[in-house]
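Please read the structure below before turning to the comments.
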Amino acid sequence: MKRPTIADVARRAGVSKGAVSYALNGQPGVSDATRQRILAIAQEIGFNPNSAARALSGASANAVGLALCRPARILGIEPFYMELISGVEAELSARSYALTLQVVANPEAEIAVYRRWWGERRVDGVFVCDLRLDDRRVPVLEELHLPAVVIGGPGHSGGLAHVWSDDAAALTEAVEYLVALGHRRIARVGGLPGLLHTEIRTEAFGTVCRQLGLERTVTVSSDYSGEEGARATRRLLSSADRPTAIVYDNDVMAIAGLSVAQEMGLGVPNDVSIVAWDDSPLCQLVHPSLTALSRDIPAYGAHAAGRLLAAIAGKPLGDYQDDTAHLIPRGSTAPPRHP
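All the letters of the sequence shown, read from the start, carry residue numbers 1 to 339 under the UniProt record's numbering.
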């Protein structure tokens, strides 16, 4: 878990530590070409001159990082992340650790944040969320030897420890329940394509629908926002062969879908049943209350935080499977009026 030091920069550049110090601090004593080479190497390995003294002291940051590649406007209304962070904070505060949160625009910016945090000794470890297929962040974190715990999976996390929940099993339970009610035309409003958990849910939805002999099923991609959830719902319910049930990948989109159905004069649940993923208080505040796939998200965050602190302490970690979300039937699901 060695962080980059001034000696590492000097060795890579083939110069003395004094020359590196001159270059990084803008002092005379090195040529412009050497200065530029040293600055490029320092940036490449994540060494920041502003934290050189701290790096030499070997002090712990007593903080962990969470960089999220999501639009800030979506994070502000996403109950999942608020509950996850509350669980993380509960575990960290008990150990006198702080959480550093940063919203980034793309995976490249996220990787740059990791390099800067690690080089500047701002954090002792990081959480990795929204795992992607062939995720570019994983090999970078392994190369940096930055302690990390992936929240999500399974798979695609390389040698990094991860905490995950069985999304495929949860989605299968929801579809089997709807079929037991008599639904044969089921749609799903999914999350961002390319995210591992989105792809797992999409594959599970297709598999269980085929196993149950459902032919008129469809998944529409979205971005987890209420606006996109409403737009997807309006398109589905305006089709000639509209679904009698819709499963949403989060509660915000499900609530937006409920509003659209009522706006179009359709009864919930008689004309269309609605199932939300990740139960939250919002699901019980609307009318009818939403059937939801529920799990203890604060506990999920606390488990991830506990394992990250263990990784920082140098303890060997395996993967941890958290509880699978389970279905809680409420007023938004019922047998279809017209199967």
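Glycine included, C-beta positions come from ideal geometry on N, C-alpha and C.
In this text the structure is predicted, and so the values were computed from the model without any measurement.
Pull the bridge partners of residue i from the DSSP assignment, please.
| i | result |
| --- | --- |
| F127 | L66 and V149 |
| R216 | According to DSSP, which records beta bridges pairwise, R216 is partnered with nothing at all. |
| V189 | V220 and Y248 |
| R116 | Per DSSP, none; premise fails for R116. |
| L195 | R132 |
Tell me whether residue i sits in a helix, a strand or coil according to DSSP, three-state version.
| i | result |
| --- | --- |
| L290 | coil |
| V30 | coil |
| T324 | coil |
| I274 | strand |
| V104 | coil |
| L99 | strand |
| H183 | coil |
| R37 | helix |
| H162 | strand |
| R295 | coil |
| R3 | coil |
| G314 | coil |
Skipping 5 residues on each side, what residues in its chain have a beta carbon closer than 6 Å to that of residue i?
| i | result |
| --- | --- |
| P336 | G182, H183 and T244 |
| I312 | D124, G125 and P147 |
| G301 | L84, G87 and V88 |
| H287 | none |
| Y177 | L327 |
If we ignore side chains and look at the alpha-carbon of each, how far apart do residue i and residue j end up?
| i | j | result |
| --- | --- | --- |
| L317 | L212 | 39 Å |
| L285 | G331 | 12 Å |
| P81 | T207 | Rather than Pro, the amino acid found at residue 81 in this sequence is Tyr. Each residue's Cα considered, the two are about 28 Å apart. |
| L144 | T202 | 33 Å |
| I246 | L195 | 21 Å |
| A19 | P139 | 31 Å |
| Y224 | A94 | 32 Å |
| V272 | E227 | 19 Å |
| V15 | T5 | 14 Å |
| S96 | L308 | 14 Å |
| F205 | D296 | 23 Å |
Using 8 Å for Cβ pairs, my map puts residue i next to residue j. What's the rounded Cβ distance?
| i | j | result |
| --- | --- | --- |
| A261 | T219 | Their Cβ separation, rounded to whole angstroms, is 18 Å, which puts A261 and T219 out of contact at 8 Å. |
| A23 | T34 | 7 Å |
Given residue i, which residues of its chain have a CB within under 8 Å of its CB, disregarding the five upstream and five downstream residues?
| i | result |
| --- | --- |
| I74 | D223, Y224 and S225 |
| Y248 | R188, V189, G229, A254, G257, I274, V275, A276 and W277 |
| V252 | I77, E78, P79, Y224, S225, G226, G229 and L282 |
Residues in the same chain with beta-carbon distance under 7 Å from residue i, minus the five sequence neighbours each way, listed in chain order, please.
| i | result |
| --- | --- |
| V113 | A67, Q102 and V104 |
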